[in-house]
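J.:
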Amino acid sequence: MTFVAIAALGGGCSDDTTTTAAPAASSSATVDPSAQDPGHRRLNQLVGEWRGDKSTFVAGGTPDKPIRTEIVSHWQWIAETGNNFLREIATGDFGDRPYYRQGTLGYSPTDNRYEWTTVDSVTPMMMTYKGVKASGGSDTEITVFGEFTDPGVLGDRFVGQTIPMRTTIRLESADRVVMELYFTPPGQAEMIADRVILTRK
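If you want my numbering, it's the 1-based position in the sequence shown plus 18.
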């Protein structure tokens, strides 16, 4: 789950007016649980389509008055990876702009931890997270950590500074998942940046 930057980046353009559509990647909706290790099997709960109630507490939102929007979140195993990774595609609107995010969630059996990377339509960098080694045993919550260089989302005084971040994915039931993103600005306590409550459609 990524933060929403203050301003979206403009897309590039090309003088070539002919375009060729890339072939669509195939993804399997389900896999045989008996063929999975426990860490990957746990992720089957995410597969499917969800309605997301998204609250953003930074980049124009505040702890008292977050920006709220509704998204659609679709999760599938990526067959081309041997079903080792889940792809999330989230779409909706944020303010007056379309919103898009693609996330990849995986489990490393060697490290016994989860790993999560996202790109979106309004954030000028990839957001990458890894769990602590040997942290993959929880049945109900995935916790991963990362950091980013602030482009100004936390205010001018933090521009260019490294901001630690933490994402949690709580698998509350077969029909409800809560994803939360936290930042820790230098010299300040950890603060919530974004929360998405997913309800299965």
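C-beta: ideal position from N, C-alpha, C; glycine also.
Because the structure is a prediction, the values reported are computed rather than measured.
(1) Do the stretch 154-169 and the stretch 179-197 touch if we need at least three Cβ pairs shorter than 8 Å?
(2) Which runs of the beta strand (DSSP E), 3 residues or longer, sit entirely within the stretch 46-120?
(3) Which of the three DSSP states, helix, strand or coil, is assigned to residue 157?
(4) Decide if residue 207 is buried, meaning its Cβ has at least 16 other Cβ atoms within 10 Å, or exposed.
(5) Residue 213 and residue 198 - do their beta-carbons sit closer together than 8 Å?
(6) Within the continuous beta strand (DSSP E) that includes residue 191, where are the two ends?
(7) Should residue 150 be labelled buried (16 or more other beta-carbon atoms within 10 Å of its own) or exposed?
(8) Closest by CA to residue 193, which one among 211, 175 and 215?
(9) If you run the structure through DSSP and keep just helix, strand and coil, what is residue 174?
(10) I need the straight-line Cα distance from residue 52 to residue 127, nearest angstrom please.
(11) Are the CB atoms of residue 136 and residue 119 nearer to each other than 8 Å?
(12) For the beta strand (DSSP E) containing residue 197, list its first residue and its last residue.
(13) Less than 8 Å separating the beta-carbons of residue 90 and residue 66?
(14) Looking at the secondary structure, which residues open and close the beta strand (DSSP E) in which residue 148 lies?
T.: Per the coordinate set shown:
(1) yes
(2) 66-74, 85-96 and 103-112
(3) coil
(4) exposed
(5) Contact: yes.
(6) 180-191
(7) exposed
(8) It is 215 whose Cα lies nearest to the Cα of residue 193.
(9) In the structure shown, residue 174 sits in a helix (DSSP, three-state: H, G or I).
(10) 16 Å
(11) yes
(12) For residue 197, the enclosing beta strand (DSSP E) begins and ends at 194-201.
(13) no
(14) 145-148
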